[in-house]
Each structure stands twice: as C-alpha cells, then as structure tokens.
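In the numbering used here, the protein residues as written are 53 to 558.
Okay, structure first, notes after.
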Amino acid sequence: MSTTLQKQKVIIIGSGIAGLYAALSIEKFDVLIVSNESGGKSGSSYYAQGGIAAAIAEDDDFETHVQDTIKAGAGLVDYEVAKQIILAGTERVHHLAELGVNFKRDEKGNFNFGREAAHSKNRILHINGDASGKEIMNVLNARVSEKKNIQTRYTCEALEISVYGSNVNGIWIKNEKGETEFISASNIILATGGVSALYSKTTNPLSIYGKGLGLAARAGAVIADAEFVQFHPTALDLGVDPVPLATEALRGEGAIIINEKGERFLDNYHPAAELAPRDIVSRAVFSEISKGNKIFLDATNLKSGKVKDKFPNVYNLCKQNNIDADLQPIPIAPAAHYHVGGIATNINGRSSINGLWACGEVACTGFHGANRLASNSLLESIVLAYNSAKDVEQNFIEPASKSITSQFSHKNTNAISELEDLRNVMMENVGIERSEASLKKALHFISELMKRTSDNISFLNVLTTASMITKMALEREESRGCHYRSDYPETKEVFKRRCFEPKQKI
Ligand SMILES: Cc1cc2nc3c(=O)[nH]c(=O)nc-3n(C[C@H](O)[C@H](O)[C@H](O)COP(=O)(O)OP(=O)(O)OC[C@H]3O[C@@H](n4cnc5c(N)ncnc54)[C@H](O)[C@@H]3O)c2cc1C
C-alpha cells in the first residue's frame with residue numbers, strides 16, 4: 053500500500069464524456085481525473101453511434117422532446133428534471149461545437165438533424181455518420197490535454213470511497229503500479245458509466261461492469277431504479293464480445309427486421325413496427341430467437357444512400373465479418389446496452405453523501421424513467437457533467453484540517469475468473485425477461501460468490517452492483533419500460549413510482 057497522501061482539489065473518476073466534460077467545466081479548482089482506461093477509447097462514450105438528441109430544430113421545441121421522453125419512460129420520468137435537462141441541452145451542444153465538435157451541418161451551416169426510434173421529430177445531432185462518440189471523445193481529450201488545471205492518472209482503478217462522519221474524505225485506488233493508494237479528497241465526481249458488461253451479451257466495452265455504482269453503494273449512497281437495464285435490439289450477432297451495435301438510425305433510415313424467411317414480424321408486436329420503443333423491439337427479437345428463429349437487420353434498401361457511405365462504422369464491422377451490409381441482411385440479437393438506474397442524484401449531480409457527485413450513465417436523475425429514449429444519454433451526460441462541475445465550484449468542501457486516516461483491509465484487487473460465470477448468470481436470469489424464480493436463482497449465485505471472493509474488493513464492487521439490480525428487479529412485481537417480469541407481465545398502478553435503495557429519496 054502506498055503511504056503518500058496526495059491533497060487534490062476535485063477528483064473525477066472516469067474518462068468518458070461525463071468525466072472529461074465535467075473536468076473541462078471546472079475552472080476555479082485543480083482537477084485530477086482517475087480512470088482505469090488509458091484515455092482515448094474510453095468507456096461507452098467512444099462507441100456511441102447515433103448522436104445527441106437536442107430540441108433545437110426550427111420545427112421542434114423542448115415540450116415535444118419532453119413528451120417523447122415521458123412516453124418512452126413508461127410513467128416514471130420526472131417532468132421537471134426532463135424539462136431542465138432538455139432546456140439546458142441547447143447551450144451544452146453549442147458549447148461542444150465551440151470546443152471543436154464538428155456536428156453535421158447543411159449547406160447553409162445549420163445543424164443537420166437525424167431521426168431515431170420513438171422521437172417525433174428529427175433532432176439527433178451526429179458527426180461523421182455513425183462515429184459520433186469517437187469524434188466527440190477525440191475533441192474532449194484534446195481540450196483536456198490543453199488545460200493546465202487538469203491532471204490525469206490513467207490505468208488506475210477506484211476501489212473504495214472513504215467517508216468520515218457524513219463527508220467523503222478520499223478514495224482508495226489501485227494505481228499504475230498495481231498498488232493500493234489513498235488519495236485525500238473532499239469533492240469527488242463519479243463518472244464511471246453504466247453496468248452493461250455485467251451481461252454476457254453487451255454492447256459496452258469490457259471495462260463497464262458497474263464498479264462505480266458498487267463502490268458508491270458500499271459507501272452508503274442511495275441507488276435509484278437499478279432494475280431498469282435497457283437492451284439494444286440490434287446488436288450485430290457476429291460471435292464477438294462485446295457485440296458491435298447497429299445504430300437505431302439505420303431503422304430510422306428504413307432498415308427492416310426480418311426472420312430467416314425474409315418476413316417482417318414486428319408489426320405483430322407494435323403498430324410502429326421497426327420504430328417502436330427499444331424494449332418492445334428487443335423483447336420481440338428475443339421472443340423470436342427463443343422460438344428458434346434467426347433474426348436479421350436488412351439495410352439493403354435504405355431511403356437514401358448506402359450503409360457504406362451513411363454508416364461506415366457498421367459497414368466496416370460487418371465487412372470484417374464477411375458481410376456486405378449493402379447487399380446482405382445482418383444477423384442480430386439483443387444485448388445489454390444502457391443502465392437507466394444508478395446513483396440517485398438531483399439535477400446538479402449531488403448524491404446522498406456530502407462531497408460525492410455523480411454524472412453520466414452512473415447517475416440516475418429520473419430523466420429516463422423506466423426506459424431511455426435513444427440519444428438522450430449523451431445529452432444527460434453533458435448537462436449533468438456541467439451542472440455537477442458548477443455545483444462543486446459553488447459548494448466546494450474544504451478538506452478537513454486534521455489528517456484523517458483511512459483503513460483498507462482488502463488484499464486482492466486482481467481480475468477474477470468467476471466474472472464470466474456472473475455475466476452468464478445475469479444474462480440468463482436478470483436479462484430481457486426476469487421472473488421471481490430466475491431472480492432468486494441469480495441472487496443465490498451472487499451471494500455465494502460474494503462469500504467465496506470476499507477479499508477481492510474490485511470484484512466486490514461488481515457483485516454489489518449485480519446484487520442491487522437483481523434485488524430491485526425482484527421487488528418490482530410488474531412489467532414496465534425495460535423491466536419485464538414474465539410472472540407479472542402487466543403494468544401496475546401501485547408500482548408507478550421510482551424505487552430507491554436504501555428506501556429514501558434524496
Ligand atoms: C455502442 C454504443 C452506442 C451508443 N450510442 C449512443 C448514442 O448514439 N447516443 C447516446 O446518447 N448514447 C449512446 N450510447 C450510450 C452512451 O454512449 C453512454 O451512456 C455514455 O457515453 C456514458 O458516458 P459516461 O461518461 O457516463 O460513461 P463511459 O463513457 O462509459 O465512461 C466511463 C469511464 O469510467 C471508467 N471507470 C469505470 N469504473 C471505474 C473505476 N472503478 N475506476 C476508474 N475508472 C472507472 C471507465 O474506464 C470509463 O473511462 C451508446 C452506448 C454504446 C455502448
């Protein structure tokens with residue numbers, strides 16, 4: 053264990069869009085970004101394809117965007133939060149453009165807006181076809197490297213948040229040398245992304261196991277809506293892990309979903325067919341696959357242009373697997389994609405612990421309700437990152453004057469082979485369809501694994517998150533949004549409420 057206690061001002065954990073944008077938004081203090089990746093291709097952000105939803109087109113307005121968000125969120129969207137995020141989004145998007153993000157524009161220089169499923173207007177800002185995340189991350193990384201007040205420590209994993217009294221007082225990390233080290237800090241912003249790599253079929257990079265949520269929960273932070281895990285219906289089923297994604301924008305452009313006989317079937321499930329909300333399309337595809345059918349995305353007849361030109365990312369991924377997406381249907385399967393739940397925060401990213409903020413996918417504000425509308429997550433990430441940064445600046449907590457010692461007793465921080473077993477159990481039992489029996493089976497597995505691996509703190513964070521998702525899914529005895537219980541297929545009025553663990557609202 054390293055004995056050097058560093059005094060830093062604001063610590064940000066995670067270097068995806070939320071972490072980097074929060075760092076860039078802090079001007080008054082020094083910032084240290086700690087991330088277990090190496091910069092560049094960090095987190096899910098780098099892989100985002102479709103773009104950012106923003107209600108700024110002439111024929112659009114915030115209320116229409118809010119209503120689309122509410123409709124997708126299946127009764128649990130917090131109207132005020134949605135309104136504030138969508139209104140604030142306009143300024144944030146313009147700021148991204150000022151930082152150098154080259155959003156697609158028309159010949160007059162105005163933003164060009166794409167359409168995605170369940171949006172009633174064209175409002176998706178995108179860059180370079182389906183490489184929006186990569187382009188945004190390249191710009192943010194470049195701006196971060198120019199800022200004198202931002203320091204970065206990559207390949208370092210946050211292991212435990214230390215809380216003294218009711219305040220955060222530091223964080224234990226596994227550092228660049230693989231040693232545990234304590235960093236003193238009274239102001240920490242967690243931006244550690246989602247949980248989806250906890251599932252054996254996932255679109256998220258294999259660094260997104262929900263460790264941030266787990267370490268916040270272990271520190272006592274209130275967690276909200278953890279049962280809602282969104283599955284993306286059109287992951288490219290090409291036998292690789294993680295599974296690459298075919299952006300929803302393809303269906304917006306007219307791609308259809310078919311079975312091996314070439315028949316469309318989605319209108320049997322929802323009148324909007326391919327443009328129905330994600331959870332409905334995912335369950336329909338899952339249901340057809342469960343019946344033994346093979347399912348494909350057919351993008352050979354897009355309304356305008358070719359996959360090769362409009363969606364080069366998807367085209368190249370298919371090409372690497374000997375599929376020409378302009379000529380052949382692409383095999384697909386649903387995959388865990390986005391965590392709607394997370395650390396409960398207010399609109400300024402404040403968690404229930406003094407000195408701990410959260411933004412990006414790890415945070416849960418109530419914006420997405422029970423199901424996220426496509427391209428609303430990058431929007432929420434930048435707004436919450438900015439709000440958290442400004443809230444930290446305005447309410448900066450001075451470090452305690454006397455030095456506080458923090459105990460750290462866990463010895464093992466290494467990767468663990470049981471992770472793959474856990475991912476399979478989560479996929480099978482806590483996935484697109486859950487039931488009391490499957491959830492109890494998963495909980496039993498998780499608690500046995502916790503006993504066997506209790507000295508491994510990194511894995512304890514993963515298991516804590518898996519356990520929270522499963523427990524909260526067990527408690528919600530209904531189906532709503534992206535949470536589907538085969539034993540309670542109906543939506544119940546009594547469950548028309550967000551859930552918090554511990555059971556208090558922040
Ligand atoms: C393939 C794909 C396509 C998507 N397309 C879109 C889209 O078009 N539009 C949209 O709005 N959303 C999209 N999403 C969702 C969106 O990309 C994410 O919700 C968003 O990028 C999350 O950003 P973040 O900064 O919160 O987390 P991430 O970008 O996931 O970053 C998390 C960071 O935290 C680090 N980290 C995690 N745990 C620790 C730890 N214990 N210690 C230190 N560091 C840690 C990670 O290494 C990473 O750097 C997509 C997601 C995927 C996977």
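Here a beta-carbon is modelled for each residue, glycine too, at the ideal position from N, C-alpha and C.
Quick check on residue 391: does DSSP put it in helix, strand or coil?
Translated into positions along the sequence shown, residue 391 becomes position 339. Strand, per DSSP.
Report the partner residues of residue 416 according to the DSSP bridge assignment.
As a first step, residue 416 is located in the sequence shown; it is residue number 364 there, counting from the start. Bridge partners of residue 416: 396.
Using C-beta distances below 7 Å, list every residue in its chain close to residue 487, excluding the 5 sequence neighbours before and after it, in chain order.
For the purposes of this step, residue 487 is identified with residue 435 of the sequence shown, where counting begins at 1. Closer than 7 Å at Cβ, skipping near neighbours: 537, 538 and 539.
Taking 8 Å as the cut-off, does the CB of residue 389 come closer than this to any heavy atom belonging to ligand 1?
If you number the sequence shown from 1, residue 389 lands on position 337. In terms of side-chain proximity, the C-beta atom of residue 389 is found nearer than 8 Å to a non-hydrogen atom of ligand 1.
When you compare only the Cα positions, how much space is there between residue 416 and residue 392?
Here the question's residue 416 lines up with position 364 in the sequence shown. Here the question's residue 392 lines up with position 340 in the sequence shown. Going from the Cα of residue 416 to the Cα of residue 392 covers about 7 Å.
Check residue 89 in the structure and name its three-state DSSP category.
For this step, residue 89 is matched to residue 37 along the sequence shown. Here residue 89 sits in coil by DSSP.
Within the same chain, show all residues whose beta-carbon is closer than 8 Å to that of residue 133, passing over the 5 residues directly before and after it, in chain order.
In the sequence shown, residue 133 corresponds to position 81, counting from 1. Excluding residues within five positions, the ones whose Cβ falls inside 8 Å are 399, 417, 418 and 419.
Does at least one heavy atom of ligand 1 sit under 8 Å from the Cβ of residue 466?
In the sequence shown, the residue the question calls residue 466 occupies position 414. Because no heavy atom of ligand 1 lies under 8 Å away, the Cβ of residue 466 does not count as near it: no.
State yes or no: is the C-beta of residue 414 nearer than 8 Å to some heavy atom of ligand 1?
Numbered from its first residue, the sequence shown carries residue 414 at position 362. Indeed, a heavy atom of ligand 1 lies less than 8 Å from the Cβ.
Taking the straight line between their C-alpha atoms, what separation do you get for residue 381 and residue 350?
Position 329 of the sequence shown, counting from 1, holds the residue named residue 381. Position 298 of the sequence shown, counting from 1, holds the residue named residue 350. Distance between the alpha carbons of residue 381 and residue 350: 4 Å.
Per the contact definition of three or more C-beta pairs closer than 8 Å, is the segment 310–319 in contact with the segment 166–181?
no
If we count the other Cβ atoms within 10 Å of its Cβ and call it buried at 16 or more, is residue 121 buried or exposed?
Counted from its first residue, the sequence shown places residue 121 at position 69. With 16 or more other Cβ atoms within 10 Å, it is buried.
Between which two residues does the alpha helix (DSSP H) carrying residue 335 extend?
What you label residue 335 is simply residue 283 of the sequence shown in a count that begins at 1. Where residue 335 is concerned, the enclosing alpha helix (DSSP H) stretches over 330–342.
Buried or exposed by the 16-neighbour rule on C-beta atoms within 10 Å, applied to residue 56
Stepping through the sequence shown from its first residue, residue 56 is reached at position 4. Unreliable positioning characterises residue 56 in this predicted model, as indicated by a pLDDT of 44, which lies under 50. The coordinate reading is nonetheless provided below. By the 10 Å Cβ count, residue 56 comes out exposed.
Roughly how many whole angstroms lie between the Cα atoms of residue 68 and residue 490?
The sequence position of residue 68 within the sequence shown is 16, counting from 1. The sequence position of residue 490 within the sequence shown is 438, counting from 1. Between residue 68 and residue 490, the C-alpha separation is close to 33 Å.
Which partner residues of residue 220 appear in the DSSP bridge assignment?
Reading the sequence shown from its first residue, position 168 is the one you call residue 220. In DSSP, residue 220 forms a bridge with 215.
Cβ-Cβ distance between residue 91 and residue 193 below 9 Å:
Within the sequence shown, residue 91 is the residue found at index 39, counting from 1. Within the sequence shown, residue 193 is the residue found at index 141, counting from 1. Taking 9 Å as the Cβ cut-off, residue 91 and residue 193 qualify as a contacting pair.
Three-state secondary structure (DSSP) at residue 447?
Here residue 447 refers to the residue found at position 395 when the sequence shown is read from its first residue. The answer is coil: DSSP assigns residue 447 none of H, G, I, E or B.
Does at least one heavy atom of ligand 1 sit under 8 Å from the Cβ of residue 259?
Position 207 of the sequence shown, counting from 1, holds the residue named residue 259. Checking every heavy atom of ligand 1 against the Cβ of residue 259, one is found closer than 8 Å.
Could you work out which residue in 188, 215 and 352 is closest to residue 152 when comparing CA atoms only?
Within the sequence shown, numbered from 1, the residue matching residue 152 stands at position 100. Checking every option, the nearest Cα to that of residue 152 belongs to 188.
Taking Cβ positions, are residue 290 and residue 386 nearer each other than 9 Å?
Here residue 290 corresponds to residue number 238 of the sequence shown, with the count starting at 1. Here residue 386 corresponds to residue number 334 of the sequence shown, with the count starting at 1. Going by C-beta atoms, residue 290 is not nearer than 9 Å to residue 386.
Spatial distance of residue 252 from residue 502 (CA atoms):
The sequence position of residue 252 within the sequence shown is 200, counting from 1. The sequence position of residue 502 within the sequence shown is 450, counting from 1. Roughly 19 Å between the two C-alpha positions.
With a threshold of 8 Å (Cβ to nearest heavy atom), would residue 228 be considered close to ligand 1?
Locating residue 228 in the sequence shown gives position 176, counting from the first residue. Not under cutoff, so the answer is no.
Could you tell me how far apart the beta carbons of residue 422 and residue 330 are, in whole angstroms, since I believe they sit closer than 8 Å?
Your numbering for residue 422 matches position 370 in the sequence shown. Your numbering for residue 330 matches position 278 in the sequence shown. Not a contact, Cβ separation roughly 12 Å.
DSSP state of residue 352, grouped into three classes?
In the sequence shown, the residue the question calls residue 352 occupies position 300. If DSSP states are grouped into helix, strand and coil, residue 352 belongs with coil.
What residues in its chain sit with their C-beta under 8 Å from that of residue 250, if we drop five residues either side in the sequence?
Taking the sequence shown and counting its residues from 1, one reaches residue 250 at position 198. The residues are 261, 262, 388, 474, 475, 478, 514, 517, 518 and 521.
Where does residue 201 sit, in a helix, a strand or coil, going by DSSP?
In the sequence shown, residue 201 corresponds to position 149, counting from 1. Three-state DSSP puts residue 201 in coil, outside helix and strand.
Reduced DSSP category for residue 141 - H, G, I as helix; E, B as strand; rest coil
Reading the sequence shown from its first residue, position 89 is the one you call residue 141. If DSSP states are grouped into helix, strand and coil, residue 141 belongs with the helices.
For residue 540, does the three-state DSSP call read helix, strand or coil?
Along the sequence shown, read from residue 1 onward, the residue named residue 540 stands at position 488. Here residue 540 sits in strand by DSSP.
Which of the three DSSP states, helix, strand or coil, is assigned to residue 136?
On the sequence shown, position 84 is the one that residue 136 refers to. It is helical.
Measure from the alpha carbon of residue 460 to the alpha carbon of each residue in 137, 284, 213 and 145, then state which is nearest.
The residue you call residue 460 lines up with position 408 of the sequence shown. For residue 460, the nearest C-alpha among the options comes from 213.
Where in the segment 496–540 do unbroken runs of the alpha helix (DSSP H), each at least 4 residues long, occur, reported from the N-terminal end onward?
509–527
By DSSP, does residue 234 sit in helix, in strand, or in coil?
Stepping through the sequence shown from its first residue, residue 234 is reached at position 182. Here residue 234 sits in strand by DSSP.
How many Å lie between residue 429 and residue 254 at the Cα?
For the purposes of this step, residue 429 is identified with residue 377 of the sequence shown, where counting begins at 1. For the purposes of this step, residue 254 is identified with residue 202 of the sequence shown, where counting begins at 1. Taking the straight line joining both Cα atoms gives about 17 Å.
Keeping to the same chain, check which residues put their C-beta closer than 6 Å to that of residue 203; ignore five residues upstream and five downstream.
As a working mapping, residue 203 is identified with position 151 in the sequence shown. Answer for residue 203: 84, listed in chain order.
Rounded Cβ spacing between residue 163 and residue 157 (contact assumed at less than 8 Å)
Taking the first residue of the sequence shown as 1, we reach residue 163 at position 111. Taking the first residue of the sequence shown as 1, we reach residue 157 at position 105. About 6 Å separates the two Cβ atoms, so the contact holds.
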